[in-house]
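Peer 1: To convert a position in the sequence shown, counted from 1, into my numbering, add 264.
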Amino acid sequence: MKDNMLEFIKKVQAISQTGLTYLTDPYALENYAELKEASVRMLESYTGIPFPESDLYRDYSYPTPQPAVRALVVQDGKLLMVQEKLSGRWSLPGGWCDVDLAPAANAAKEVWEESGYEVACDRLLGVFDRRNYIEKSLYDVYCLYFSAHITGGAARPNHETTAVGWFAIDGLPPLSRKNSLEEIQKAYEVYTQKLDAYFE
């Protein structure tokens with residue numbers, strides 16, 4: 265699934281941003297600035313994303329992957345899923361990690377916000393490098409999948425979601441880019457077979 269050209273451009277941007285942040289030699293800074301400018305314009309040309317959005321790491325001192333979470337909530341053999349308002353497609357509840365919460369707490373918060381259910385996380389099922397599952401991903405994301413069980417609440421979409429549903433693993437609805445069938449299947453296998461957490 266990796267786009268080698270996109271990965272190369274992102275790598276050059278990350279290296280040049282790090283150099284501009286930490287180096288003091290004026291000649292090196294000049295070279296890194298030139299390298300960054302070239303990579304930003306290359307990304308703009310390759311993807312159509314206009315400047316300054318094509319400068320992916322402009323707000324970073326040291327670019328690193330972003331952490332995200334997904335919750336695998338299974339009840340009566342079916343998975344809890346939410347329909348995203350923007351895409352109309354479905355995903356396991358989840359999202360970016362907030363700075364003031366641990367990963368499992370983030371997963372529980374996302375489930376409640378997107379579905380209306382209160383949950384408690386049971387265990388880590390896997391850590392996925394999203395570049396392996398999504399085409400042309402601009403941001404490097406490490407996604408942590410947790411299993412969770414319902415402790416309260418009721419189905420209730422929010423401003424990000426339009427529906428909440430339960431689906432069998434072999435009858436999932438059209439998935440959004442926020443998760444892939446392969447990721448869900450791997451996490452579900454760890455859950456059902458009680459395997460060690462999957463990681464990449």
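Ideal placement from N, C-alpha and C gives every residue a C-beta, glycine not left out. None of the values given here were measured: they were computed from a predicted structure.
Out of Ile273, Thr425, Ala461 and Glu453, which has the shortest C-alpha to C-alpha gap to leucine 350?
Peer 2: The residue with the shortest Cα to Cα distance from leucine 350 is Thr425.
Peer 1: Closer than 6 Å by C-beta to lysine 458: which residues in its own chain qualify, once you throw out the five before and the five after it? Chain order, please.
Peer 2: Excluding positions up to five away in sequence, the list is empty.
Peer 1: For leucine 336, which beta-bridge partners are listed by DSSP?
Peer 2: In DSSP, leucine 336 forms a bridge with Ser411.
Peer 1: With three or more C-beta pairs closer than 8 Å as the rule, is the region 276–291 touching the region 321–333?
Peer 2: Touching, yes.
Peer 1: Determine whether the beta carbon atoms of lysine 261 and phenylalanine 431 lie at a separation below 8 Å.
Peer 2: One cannot answer for residue 261 here, as it falls past the ends of the chain, which runs 265 to 464.
Peer 1: By how many angstroms is the C-alpha of alanine 302 removed from the C-alpha of arginine 394?
Peer 2: About 26 Å.
Peer 1: Hey, glycine 358 and arginine 334 are a contact pair by Cβ (cut 8 Å); roughly how many whole angstroms apart?
Peer 2: Sure, about 4 Å apart at Cβ, within 8 Å.
Peer 1: I need the DSSP call for lysine 274, collapsed to helix, strand or coil.
Peer 2: It is helical.
Peer 1: Assuming alanine 427 is part of the beta strand (DSSP E), what are its boundary residues?
Peer 2: 425–431 is the extent of the beta strand (DSSP E) around alanine 427.
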